[in-house]
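To get the numbering used here, take the position in the sequence shown, counting from 1, and add 6.
C-beta: ideal position from N, C-alpha, C; glycine also.
Notes follow the structure.
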Amino acid sequence: MTSLDDLPIRDDLRGKEPYGAPQLDVPYALNTNENPYPPSERLVKALGDAVADVAGTLNRYPDRDAVALRADLAAFLDTDTPGAGLTVDRVWAANGSNEILLQILQAFGGPGRTALGFEPSYSMHPVITEVSGTRWVNAFRDEDFGLEAARAVAAVEEHRPDVVFLTSPNNPTGTALTLDAIKAVLEVAPGMVVVDEAYAEFRRSGTPSALTLLDGHPRLIVTRTMSKAFAMAGARLGYLAADPAVVEALLLVRLPYHLSAVTQAVARTALAHGEELLGGVEALRRERDDLVGWLRAEGLTVADSDANFVLFGTFPDRRAVWEGLLERGVLIREVGPPEWLRVSVGTPAEMAAFRTALKESL
Ligand SMILES: *Cc1c(COP(=O)(O)O)cnc(C)c1O
Numbered sequence: 007m008t009s010l011d012d013l014p015i016r017d018d019l020r021g022k023e024p025y026g027a028p029q030l031d032v033p034y035a036l037n038t039n040e041n042p043y044p045p046s047e048r049l050v051k052a053l054g055d056a057v058a059d060v061a062g063t064l065n066r067y068p069d070r071d072a073v074a075l076r077a078d079l080a081a082f083l084d085t086d087t088p089g090a091g092l093t094v095d096r097v098w099a100a101n102g103s104n105e106i107l108l109q110i111l112q113a114f115g116g117p118g119r120t121a122l123g124f125e126p127s128y129s130m131h132p133v134i135t136e137v138s139g140t141r142w143v144n145a146f147r148d149e150d151f152g153l154e155a156a157r158a159v160a161a162v163e164e165h166r167p168d169v170v171f172l173t174s175p176n177n178p179t180g181t182a183l184t185l186d187a188i189k190a191v192l193e194v195a196p197g198m199v200v201v202d203e204a205y206a207e208f209r210r211s212g213t214p215s216a217l218t219l220l221d222g223h224p225r226l227i228v229t230r231t232m233s234k235a236f237a238m239a240g241a242r243l244g245y246l247a248a249d250p251a252v253v254e255a256l257l258l259v260r261l262p263y264h265l266s267a268v269t270q271a272v273a274r275t276a277l278a279h280g281e282e283l284l285g286g287v288e289a290l291r292r293e294r295d296d297l298v299g300w301l302r303a304e305g306l307t308v309a310d311s312d313a314n315f316v317l318f319g320t321f322p323d324r325r326a327v328w329e330g331l332l333e334r335g336v337l338i339r340e341v342g343p344p345e346w347l348r349v350s351v352g353t354p355a356e357m358a359a360f361r362t363a364l365k366e367s368l
């Protein structure tokens, strides 16, 4: 039997573990920040019809540049952030925002280059960085998981990275960044600045999006996804907004026909039903705010959240709490700083099960 170690795999991949949020079959899966509301019957029918429409043309390659889909995404962003003024040439799409991030690193990172992030943050940023042959440099967020402009600027000036990752709202902490911090980084960054806004649609009112900074900042890239608020994690569709020159750069590294005709049709149909899909967001935001309040009332420490999950603690033995919940059918995520746990916001019934299970586990 051949083992992985017998293969002439890249030296820098030896000993690595694959990405592994547990995929367990449990009654209450609150571990990967999905939207808990499945598509309605009406939307299921529309998605089926859209797939049937392209099925007869699957002998042909899809639109390589996904122009119609990108136009729909630009129109959606304009409703999300009025005045963003986005057009098809400033939007790019791929198979999940993880693929978007990989393409960004393939174009702007690579061997001899570095990417910088502020931990605790999304665990895939360093993974995708290193897979692309880029060196990862770690800086840190503030004590309350925010990021003061001065701290961010100091890290960027010290390391002079080719790519800076800012996650807002941040995963796994839920905290959003101020536009001042993002602007300060843009002022000093020698390379590209990526603001990962996977959870933007969940932000509390008054929390701005970095989309409003795109004008005048050609090195800013804002990434978004249909996996979270849009309730389409299974469809695999991520996208970005940036200067048209950034899109041109990504055309150099994307694989030809990377986005299947089926994916494009499904995503366009979902966008056409955007109001329905995003209809659950308001309820999830309320559920999130209730959850933060409840956890605090229970005497726990909770990070402010602008996302559809909440980071709470602190537990000297978080593994025991995580297992206690799992024994009661509730799967949450053991992620982030060592004494904290993250729970995704689900339906009222799921949150009731979480509350009961947590009380019993503590
Ligand atoms: C979930 C997540 C993503 C990406 O997910 P895709 O499903 O690949 O679009 C990107 N960034 C952050 C911070 C996330 O939490």
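Taking the Cα positions, L284 is about 43 Å away from L10.
Note on geometry: alpha-carbon atoms of F146 and T353 lie some 33 Å from one another.
With a threshold of 7 Å, the Cβ atom of Y25 does not count as near ligand 1, since no heavy atom of the ligand is closer than that.
By the criterion of a C-beta distance shorter than 7 Å, V94 is surrounded in its chain by V73, R76, A77 and A80, once the five residues flanking it on both sides are discounted. Annotation: the continuous beta strand (DSSP E) that includes F146 extends over R141 to F146.
Contact check between the stretch 52 to 64 and the stretch 218 to 226: fewer than three CB pairs, one atom from each, fall below 8 Å, which does not count as touching. Around the beta-carbon of S46, fewer than 16 other beta-carbon atoms lie within 10 Å, marking it exposed. At a cut-off of 4 residues, the continuous stretches assigned as alpha helix (DSSP H) that sit fully inside the stretch 166 to 195 are 185 to 194. Below 8 Å, too few C-beta pairs join the stretch 119 to 130 and the stretch 257 to 270 to call them touching: fewer than three. Using a Cβ distance threshold of 8 Å, F208 and A237 do not count as a contacting pair. Distances from the CB of Y128 to the heavy atoms of ligand 1 include at least one below 7 Å. In the structure shown, the three-state DSSP call for S46 is coil.
L306 has its alpha-carbon roughly 17 Å from the corresponding atom of R339. In summary, S215 is buried, with 16 or more beta-carbon neighbours lying within 10 Å of its beta-carbon over all protein chains present.
L284 is bridged by DSSP to nothing; it lacks a bridge partner.
One thing to note: D312 has its Cβ no nearer than 8 Å to the Cβ of P178. Between V170 and A204, the C-beta gap is not smaller than 8 Å, which leaves the two residues out of contact. For L256, there is no enclosing beta strand (DSSP E); the residue is found in the alpha helix (DSSP H) stretching over P250 to L257. Between the C-alpha atoms of G286 and G180 there is a straight-line separation of about 18 Å. The closest heavy atom of ligand 1 lies less than 7 Å from the beta carbon of D202.
In this chain, the alpha helix (DSSP H) harbouring E366 covers P354 to S367.
Non-local C-beta neighbours of P343 in its own chain, meaning closer than 7 Å and more than five positions away in sequence, comprise P126, ordered along the chain.
Beta-bridge pairing by DSSP links L337 to A35.
Taking C-beta atoms as the reference points, V200 and A241 fail to come closer than 8 Å. Residue environment: V316 is assigned as buried (16 or more neighbouring CB atoms within 10 Å of its CB, all protein chains considered). DSSP, read as helix, strand or coil, puts L92 in coil. Under the three-pair Cβ rule at 8 Å, the stretch 31 to 48 counts as touching the stretch 355 to 367.
With contact defined as three or more Cβ pairs closer than 8 Å, the stretch 264 to 282 and the stretch 60 to 70 are in contact. D69 and P28 have their alpha carbons spaced roughly 35 Å apart. For D17, the three-state secondary structure derived from DSSP is helix. The closest heavy atom of ligand 1 lies 7 Å or more from the beta carbon of N314. For the 8 Å CB-CB criterion, A190 and A158 form a contact. Our two residues, R302 and G319, have alpha carbons roughly 10 Å apart in a direct line. For D71, the secondary structure class from DSSP, reduced to helix, strand or coil, is coil. An exposed status is given to P88, since fewer than 16 other beta-carbon atoms sit within 10 Å of its beta-carbon.
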